[in-house]
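Single-structure report; data block below.
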Amino acid sequence: MLLETTVVLVVALQAVAIVLLWQQGRRLKRGVRMKRGGAASGGEAGGVPELLIVNALSKIDHRLGMLEERTQQRAAEPAALRRSVEVPATQMTSLRSAGHHSSASNYELAQQLAREGSGLDQLMACCGLSRHEAELVLRLYAKRA
Numbered sequence: 000m001l002l003e004t005t006v007v008l009v010v011a012l013q014a015v016a017i018v019l020l021w022q023q024g025r026r027l028k029r030g031v032r033m034k035r036g037g038a039a040s041g042g043e044a045g046g047v048p049e050l051l052i053v054n055a056l057s058k059i060d061h062r063l064g065m066l067e068e069r070t071q072q073r074a075a076e077p078a079a080l081r082r083s084v085e086v087p088a089t090q091m092t093s094l095r096s097a098g099h100h101s102s103a104s105n106y107e108l109a110q111q112l113a114r115e116g117s118g119l120d121q122l123m124a125c126c127g128l129s130r131h132e133a134e135l136v137l138r139l140y141a142k143r144a
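Be aware that the sequence shown starts at 0, since it is given in numbering that gives the first Met the number 0, and climbs by one per residue.
Written out as structure tokens, the structure is:
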């Protein structure tokens, strides 16, 4: 008796499992059909709206463009340094000839050069500043773009 009840219970559970699997299969088929039809008309590709994909691609394209610009600017920097105007050297010699050879006058010259748009290397070479000092002068006195 116990064995027969157990067998009937197992068969009933299997039948329920089969029905549930069949229903789940139908739902999945319906979902696939809706996604296929929705991708063509509703603007979704694999469950992701096309607008999100387009926006992401646009952002990536914009970032790549910015990286290209930075790369071109960095490639052009050495050429710009080579073509730099010799005004700073002239100003340095005029200050030295006037008898102003103190470190305070070097900082004054560095401030003036920074205001005129000189670069980091120019400040270091003309004024005898360390890299960190020249960076600080540029941060404080360079013209803002």
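Beta carbons: idealized from backbone N, C-alpha and C, even for Gly.
Nothing here was measured: the structure is a model prediction, and the numbers come from that model.
Cβ separation of residue i and residue j, assumed to be a contact under 8 Å, to the nearest whole Å
| i | j | result |
| --- | --- | --- |
| residue 133 | residue 109 | 7 Å |
| residue 113 | residue 141 | 5 Å |
Residue i burial status per 10 Å Cβ neighbour count (16 or more: buried)
| i | result |
| --- | --- |
| residue 12 | exposed |
| residue 121 | buried |
| residue 74 | exposed |
Rounded straight-line distance, which links the Cα of residue j to that of residue i
| i | j | result |
| --- | --- | --- |
| residue 39 | residue 52 | Caution is warranted here: a pLDDT of 49 is assigned to residue 39, below 50, making its placement in the model unreliable, and the coordinate value is therefore given only provisionally. Rounded to whole angstroms, residue 39 to residue 52 spans 15 Å at the Cα level. |
| residue 118 | residue 129 | 13 Å |
| residue 65 | residue 19 | 54 Å |
| residue 61 | residue 14 | 57 Å |
| residue 2 | residue 16 | 21 Å |
| residue 126 | residue 68 | 31 Å |
| residue 32 | residue 25 | 11 Å |
| residue 139 | residue 48 | 48 Å |
| residue 27 | residue 72 | 54 Å |
| residue 111 | residue 59 | 41 Å |
First and last residue of the uninterrupted alpha helix (DSSP H) at residue i
| i | result |
| --- | --- |
| residue 130 | 130 to 140 |
| residue 123 | 119 to 126 |
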